[in-house]
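Numbering (our numbering), first residue to last: 5 to 164. The C-beta atom is built at its ideal place from N, Cα and C for all residues, glycine as well.
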C-alpha cells in the first residue's frame with residue numbers, strides 16, 4: 005500500500021502539521037537533559053544533570069503548542085506580513101509580531117548552571133555580570149537578569 009499524500013497545497017500543509025504535531029507530542033523531553041555517553045570523560049565530568057524540564061520550561065512548551073495550533077493567529081501573521089514587507093525586513097516583522105522568541109533555559113536552570121560553575125547566585129558577595137550581545141529579542145536576558153548583579157548591554161574588550 006502506498007503512503008497517502010494529499011495533492012492540494014492547503015491539504016499538504018495541514019497533513020504535514022498534523023504529523024509534525026504528533027511527532028512533537030510523543031517526544032521524551034527528559035532525553036533533552038540526559039548525557040550522551042559517547043562524549044569523552046573530560047566533557048562528561050562537566051555535565052550538569054537537570055533531569056527534566058522545570059515548570060517554567062513546561063509552561064513555555066505548552067504555550068508554544070497552543071500558539072502553533074491557532075489558525076487565526078497564523079492568518080493574522082500572514083496578512084500582517086504581506087502588508088509590512090513593503091517597508092520592514094522579515095526580522096523586524098517577526099519582532100513586531102512577537103514571532104520566533106527563543107527559550108534557551110529558565111531562571112532556575114540558569115541558577116543551577118551558575119552554582120555548578122562555582123558561583124554563588126543567592127548572595128551578593130561575588131558580583132556576577134552578564135553581557136547581553138543583543139542578538140535576539142531580549143527574552144533570554146529577561147529570564148536570567150534576576151540571577152546576576154549586573155546586566156550590561158555593551159562590552160569593553162580587554163586583553164589578558
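Spatially closest choice to residue i from the options, by CA coordinates
i           : options               : result
residue 22  : 39, 47 and 75         : 75
residue 62  : 149, 94, 110 and 124  : 110
residue 71  : 25, 31 and 143        : 25
residue 120 : 19, 54 and 32         : 54
residue 57  : 142, 149, 140 and 113 : 113
residue 103 : 141, 92 and 66        : 141
residue 60  : 151, 34, 107 and 12   : 107
residue 68  : 79, 105 and 44        : 105
residue 65  : 89, 44, 79 and 32     : 32
residue 79  : 147, 14 and 148       : 14
Per-residue burial, residue i [other beta carbons within 10 Å of its own, 16 or more giving buried]
i          : result
residue 38 : exposed
residue 46 : exposed
residue 73 : exposed
residue 87 : exposed
Beta-carbon contacts of residue i that lie in its chain and below 7 Å, excluding the five residues immediately before and after
i           : result
residue 29  : none
residue 101 : 81 and 84
residue 151 : 111, 114, 115, 118 and 125
residue 40  : none
residue 148 : 111, 114 and 134
Own chain, CB closer than 8 Å to residue i, minus 5 neighbours either side, in chain order
i          : result
residue 52 : 116, 117 and 120
residue 77 : 71
residue 91 : none
residue 99 : 141
residue 35 : none
Own chain residues within Cβ distance below 6 Å of residue i, not counting five before or after
i          : result
residue 97 : 85 and 88
Check: residue i C-beta below 7 Å from any heavy atom of the ligand ZN
i           : result
residue 134 : Of ligands this structure carries none, so the ligand ZN is not represented either.
Unbroken beta strand (DSSP E) runs of length 3 or more, entirely within the segment 62 to 135: which are they?
Listed in chain order, they are 133 to 135.
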